[in-house]
Amino acid sequence: MFNLILFGPPGAGKGTQAVKIAKTFGWEHISTGDILRAEVSQGTPLGLKVQSIMQEGHLVSDELLVAIMESVFLNNRAAEGFVLDGFPRTLNQAQELDKMLLKHGQKVSLVLALVVNEEELVKRLLKRAQEHGRDDDTEEVIKNRLVQYHQHTKPLIDYYIEKNIYQEVYGVGSIEDIFNQLCASIKP
Ligand code: B4P
Numbered sequence: 003m004f005n006l007i008l009f010g011p012p013g014a015g016k017g018t019q020a021v022k023i024a025k026t027f028g029w030e031h032i033s034t035g036d037i038l039r040a041e042v043s044q045g046t047p048l049g050l051k052v053q054s055i056m057q058e059g060h061l062v063s064d065e066l067l068v069a070i071m072e073s074v075f076l077n078n079r080a081a082e083g084f085v086l087d088g089f090p091r092t093l094n095q096a097q098e099l100d101k102m103l104l105k106h107g108q109k110v111s112l113v114l115a116l117v118v119n120e121e122e123l124v125k126r127l128l129k130r131a132q133e134h135g136r137d138d139d140t141e142e143v144i145k146n147r148l149v150q151y152h153q154h155t156k157p158l159i160d161y162y163i164e165k166n167i168y169q170e171v172y173g174v175g176s177i178e179d180i181f182n183q184l185c186a187s188i189k190p
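End of the sequence shown = 190 in our numbering, gap-free, step of one.
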């Protein structure tokens, strides 16, 4: 089983590329953002709990995310690979993911990071706000999401460099060119 993490700040193109990679390699695409948004739109107890946290651009608790991911893995045991998009986002989530995979004789195979400058990130997310009206794509909330990224998620880079499974791809340019570069790094 190939376990790929697509890594990067909000707006880097993780969601966009994860869909294409999953389709090309026949793997399961797991977007924690999509899972949480579906819970919110269905008004489930979990959705009600996380709605305001997401609207403010904060991170949902590790405990909830780890429980969600555990059930996703259990429900997809036949998958040949996973593309994780938006998870892990904290050191604790990364450690819990390792433990979870180890329990099933698995490990993270590769972390591919999309590198995009902050000006471009904000531009993309504001454009998406105009097109799709996502609650967390306002200027104020985008700023907070970037702060959260720098404080909690960016430190994961060192964690994965130490494990020798971290690679970067420049994430500015055409979606197709970036996709081709990502694919060139994936060797299942
Ligand atoms: P996510 O849904 O993961 O949101 P995101 O980080 O903004 O990434 P997204 O996938 O949407 O952006 P993308 O780069 O694809 O998370 C939302 C919230 O959920 C978080 O703030 C948090 O509250 C919660 N959450 C999720 N996971 C969590 C976790 N593990 N722990 C705690 N909380 C969690 O695309 C951005 C835009 O750029 C798109 O409009 C796209 O069309 C465009 N784009 C893509 N590639 C481009 C390119 N090459 N050129 C120009 N535009 C491009």
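Note that beta-carbon positions come from the ideal geometry of N, C-alpha and C, so glycine has one too.
- Does DSSP put Ala24 in a helix, in a strand, or in coil? helix
- Secondary structure at Glu82, three-state DSSP: helix, strand or coil? coil
- Message: Taking a contact to mean a Cβ-Cβ separation below 7 Å, would you say Ile167 touches Val113 in this structure?
- Response: yes
- Query: When the Cα atoms are used, what is the spatial distance from Leu50 to Lys22?
  - Reply: 31 Å
- Query: Which residues in the same chain have their Cβ closer than 7 Å to the Cβ of Asp138, if we skip the five residues on either side of it in sequence?
  - Reply: Met56, Gln57, Gly59 and Arg147
- Task: Give, in chain order, every unbroken run of the beta strand (DSSP E) that is at least 3 residues long and sits entirely within the segment 65 to 139.
- Result: 83 to 87 and 112 to 117
- Go ahead and label Arg126 buried or exposed: buried means 16 or more other beta carbons lie within 10 angstroms of its beta carbon, across all protein chains shown. buried
- Top-ranked residue by Cα proximity to Gly2, from Tyr172, Ala40 and Glu82: The requested residue 2 does not occur in the structure, where the chain is confined to residues 3 to 190.
- Option nearest Arg136 by Cα separation, candidates Glu164, Asn94, Gly13 and Pro47: Gly13
- Message: Using a Cβ-Cβ cutoff of less than 6 Å, which residues in the same chain neighbour Leu86 once the five nearest sequence positions on both sides are dropped?
- Response: Ile7 and Ile32
- Task: Return the CA-CA distance between Ser43 and Asp64, expressed in angstroms with no decimal places.
- Result: 21 Å
- Task: Work out the CA separation of Val52 and Lys101 for me, nearest whole Å.
- Result: 25 Å
- Task: Taking the CB atoms as reference points, tell me whether Ala96 and Pro90 lie closer together than 7 Å.
- Result: yes
- What's the C-alpha gap between Tyr151 and Asn5? 22 Å
- Task: Name, in chain order, the residues that DSSP records as bridge partners for Tyr162.
- Result: Beta-bridge pairing links Tyr162 to no other residue.
- Item | Residue range of the beta strand (DSSP E) that includes Val42 | No beta strand (DSSP E) holds Val42; the alpha helix (DSSP H) holding it covers Thr34 to Gln44.
- Between the CA atoms of Ser111 and Thr140 - distance to the nearest angstrom: 35 Å
- Message: Can you tell me which residues form a DSSP beta bridge with Asn5?
- Response: Phe84
- Query: Smallest Cα separation from Glu142: which of Leu128, His134 and Asn78?
  - Reply: Leu128
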